[in-house]
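Note sheet for the following structure.
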Amino acid sequence: MNYNEALKYVESIGKFGINLGMKRIERFCEILGSPEKKLKVIHVGGTNGKGSTTTFISKILENAGYRVGVYTSPYIERFTERIRVNKEEIPESEVARLVTEIVPHVETLVKEGLDHPTEFEVITAVAFKYFEEQNVDFVVLEVGLGGRFDATNVVDPVLEVLTTISLDHVNVLGDDIAKIAYEKAGIIKKDKPLVLYPQEASAEKVILDIASEMNAKIYKVEDVAHEIVAENVDGTEYNLSGSIDYKGIKIAMLGHHQVMNTKTAILAIEALRDLGYEISKESIYEGLGEARWPARFEVLTKDPIIVLDGGHNVQGIEALVDSINKYFPGKKIKITCGMLSDKDYNKMIADLLSIGDNFITVTPNNDRALTSEELCDIIKGKGKDAKAAKDINEAVDMALATRSEEEMLVFCGSLYMIGEVRTYLKEKLGL
323 MNYNEALKYV ESIGKFGINL GMKRIERFCE ILGSPEKKLK VIHVGGTNGK GSTTTFISKI
383 LENAGYRVGV YTSPYIERFT ERIRVNKEEI PESEVARLVT EIVPHVETLV KEGLDHPTEF
443 EVITAVAFKY FEEQNVDFVV LEVGLGGRFD ATNVVDPVLE VLTTISLDHV NVLGDDIAKI
503 AYEKAGIIKK DKPLVLYPQE ASAEKVILDI ASEMNAKIYK VEDVAHEIVA ENVDGTEYNL
563 SGSIDYKGIK IAMLGHHQVM NTKTAILAIE ALRDLGYEIS KESIYEGLGE ARWPARFEVL
623 TKDPIIVLDG GHNVQGIEAL VDSINKYFPG KKIKITCGML SDKDYNKMIA DLLSIGDNFI
683 TVTPNNDRAL TSEELCDIIK GKGKDAKAAK DINEAVDMAL ATRSEEEMLV FCGSLYMIGE
743 VRTYLKEKLG L
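Be aware that the sequence shown starts at 323, since it is given in my numbering, and climbs by one per residue.
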């Protein structure tokens, strides 16, 4: 197989859908020689902030001189973004080789009477194999969906991290915070440290009960206070105090939630230091300062102001609205958005209506998408001006062509559209 054939094969497995459970991935990894058992894993779960937190942790470890594998999902612009070693994405040739090698093992699983592996399980197996071959020192591994029955949970990590938990994927994980927290907390392992982001009371109780059963040492983000020294559209400078003490941290990633995510990442590093790993304070400062994560309140250009944000659920859109109000108060805003039908899109739209003056709607590239027309009708029904675009390129063209001099552009609502938007905007604007 070449790279494109390998991608087509992986995407074709998508027809098997989401099929949570551990038997297939456990057997799959066993057939592959158990590559996951040879990896030192930092396992990152939660609803929002997983990707940003993963980026902060991995950048700090890289600056400390470690070779770091990073596994994230979904990708923004290219499939190869999902599997990285330090700054380098997995080469397309390696994707082709590893998928080709794995296909016979997929067939073995099915012959043994197990369900066909899912798309996510195959990609996860490819990542494990690649990281093993690359002799990485650490893997920062982002959970795909949930935790307890997610394919990534086949690992025995050195520590776990739980970022903020909110209602998401309710059709799979449950329809209240406590149920979702139970699924997310399924990554907690016996005698392994846990870094815990502040949670709603019902979620926190579930997590603390499981952590207690597992004898997990807990590092609580709520025990770290922060004081903002300076903030603007170029970044934030702040001090930390409480269970840890850091002065003059500077980050380029914008938003209050990113300050919280850095506190989570620093506590993960402190947990590793407590386990005996050498990581200097300089590495922490440098790693946080270097960290970038595309389409997370990303100011793509300043003239005109164009913001890309992958916020795709209520909590994500609330963070976007907070950041817009903080960095661009009183600005006239044209919003281009697409949403999935299984999200609480009415609440997401209501939040966006509080900042948006007019709207362009698109259909994200996903089976669960609200159509551009459906979303447009909902927004019009709330009394705002909206136009439905037939595809993402047309939406970007419309936004650029109809923008008034004083207007900024915001693109948001689904990770399944934001990558295409980013690629096309960069092409159009020569970035």
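The C-beta atom is built at its ideal place from N, Cα and C for all residues, glycine as well. Quantities reported herein were computed from a predicted structural model and do not represent experimental measurements.
Span separating the alpha-carbon of residue i from that of residue j
i: S380; j: L436; result: 35 Å
i: E742; j: E399; result: 7 Å
i: T474; j: E592; result: 23 Å
i: A721; j: E535; result: 53 Å
i: G762; j: S676; result: What is shown of the chain runs 323 to 753, which leaves residue 762 out entirely.
i: E310; j: Q456; result: Look at the range of the chain in this structure, 323 to 753, and you will see that residue 310 is not part of it.
i: L642; j: D631; result: 7 Å
i: D625; j: F442; result: 39 Å
i: I340; j: R346; result: 13 Å
i: S563; j: N537; result: 26 Å
i: I540; j: A552; result: 30 Å
i: G391; j: G703; result: 47 Å
i: P522; j: I499; result: Residue identity differs from the one stated: residue 522 is Glu in this sequence, not Pro. Each residue's Cα considered, the two are about 8 Å apart.
i: K360; j: P413; result: 22 Å
i: R349; j: V421; result: 17 Å
i: E352; j: R725; result: 55 Å
i: G638; j: F453; result: 30 Å
i: E559; j: I573; result: 7 Å
i: L600; j: Y393; result: Correcting the residue type first, residue 600 is Glu in the shown sequence and not Leu. Roughly 23 Å between the two C-alpha positions.
i: A449; j: P651; result: 42 Å
i: I322; j: C659; result: It is not possible to answer for residue 322, since the shown part of the chain is limited to 323 through 753.
i: L576; j: L516; result: 26 Å
i: Y388; j: A617; result: 26 Å
i: D513; j: D545; result: 21 Å
i: D478; j: T623; result: 42 Å
i: N385; j: E612; result: 9 Å
i: W615; j: H427; result: 34 Å
Residues that DSSP places opposite residue i in a beta bridge
i: G373; result: DSSP output for G373 lists no bridge partner at all.
i: C659; result: T683, C734
i: F450; result: Answer by DSSP bridge pairing: none, since F450 is not bridged.
i: E441; result: E441 pairs with nothing; no bridge assigned.
i: L630; result: E620, F733
Integer Cβ distance of residue i from residue j, believed to fall under 8 Å
i: I606; j: I382; result: 5 Å
i: I509; j: G469; result: 4 Å
i: Y738; j: N688; result: 4 Å
i: G355; j: T485; result: The Cβ separation is near 31 Å, so there is no contact.
i: V629; j: E640; result: No, V629 and E640 are not in contact; Cβ-Cβ is about 15 Å, not under 8 Å.
i: M661; j: L692; result: 5 Å
i: F378; j: N583; result: 6 Å
i: I754; j: E729; result: Past the edges of the chain, shown from 323 to 753, lies residue 754, and the structure says nothing about it.
i: P488; j: N668; result: The sequence as given places Ser at residue 488; Pro does not occur at that position. Wrong, their Cβ atoms sit about 16 Å apart, outside the cutoff.
Three-way DSSP call (helix, strand, coil) for residue i in this model
i: S563; result: strand
i: A283; result: Outside the displayed range of the chain (323 to 753) lies residue 283, so it cannot be described from this structure.
i: H548; result: strand
i: F619; result: coil
i: Y393; result: strand
i: G570; result: strand
i: L518; result: strand
i: N554; result: strand
i: K665; result: coil
i: R406; result: strand
i: K362; result: coil
i: A418; result: helix
i: A708; result: strand
i: K542; result: strand
i: F350; result: helix
i: F460; result: strand
i: G609; result: helix
i: V465; result: coil
i: K585; result: helix
i: G367; result: strand
i: V480; result: coil
i: K653; result: coil
i: E434; result: coil
i: E411; result: strand
i: M575; result: coil
i: D498; result: coil
Option in the options with minimal Cα separation from residue i
i: C698; options: P686, N687, A711; result: A711
i: F401; options: G752, E482, T658, E333; result: E333
i: A533; options: L518, V543, E544, A523; result: L518
i: F471; options: A574, K653, E505; result: E505
i: I682; options: H578, H548, V732; result: V732
i: E716; options: K337, K750, I700, G387; result: K750
i: N408; options: E604, F460, V476; result: F460
i: V528; options: A503, S374, V555; result: A503
i: Y568; options: L610, Y388, A723; result: L610
Distance cut-off 7 Å: residue i Cβ against heavy atoms of the ligand MG
i: N647; result: What this structure holds is no ligand at all, so the ligand MG is not there to describe.
Min CB distance residue i to chain C below 8 Å
i: E549; result: Among the protein chains of the structure shown there is no chain C, as only one such chain exists.
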